[in-house]
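Per our numbering, residue 184 is the first one in the sequence shown, and the count goes up by one each step.
We put the beta carbon where it would ideally sit given N, CA and C, even for glycine.
Quantities reported herein were computed from a predicted structural model and do not represent experimental measurements.
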Amino acid sequence: MEWLFWGWLKSLFQYAFYQVIAQAFVFVFGSFLLRFLEAFPPPYTVDKILVGGFQIVFLLLAFIYGMFKVPSLANSLFTGRGGEVALPSRFR
């Protein structure tokens with residue numbers, strides 16, 4: 184019965200770290216996004232929007248993808264895996 188307790192405790196810690204990892208990810212990405220937006224000060228012209236617009240769209244897509252990877256990052260942190268695979272096995 185001891186293994187049941189330790190498995191439960193490990194799962195509890197892993198679930199509790201979802202918020203920690205998500206908050207760290209949002210903090211780092213938010214800081215990065217603010218620095219990125221400072222590089223493109225107003226006034227916004229068509230050429231500035233074309234240059235910075237595509238970059239910010241891809242940054243936001245990367246952020247959304249990263250937020251979906253938070254449970255996987257928490258799992259790899261607690262299981263001790265060395266790295267994360269970015270693509271699912273069906274795309275490799």
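Taking the CA atoms as reference points, VAL209 sits about 14 Å from LEU244. Excluding the 5 residues flanking it on each side, VAL211 has no same chain C-beta neighbour closer than 6 Å. According to the DSSP assignment, ARG218 belongs to the alpha helix (DSSP H) that extends over 185-221. A residue is called buried once 16 or more other Cβ atoms fall within 10 Å of its Cβ, and ALA257 is buried on that count. Relative to the Cα of SER255, the nearest Cα in the group LEU192, ILE204, PHE188, MET184 belongs to ILE204.
Between TYR201 and VAL240, the CB-CB gap reaches or exceeds 9 Å. Only residues of its own chain outside the window of five on either side were considered, and among them GLN197 have a CB closer than 6 Å to the CB of PHE261, listed in chain order. Comparing C-alpha distances from LEU242 to each of GLU221, ILE232, PHE215 shows the shortest one belongs to PHE215. Judged by DSSP in its simplified three-state form, THR228 adopts coil rather than helix or strand.
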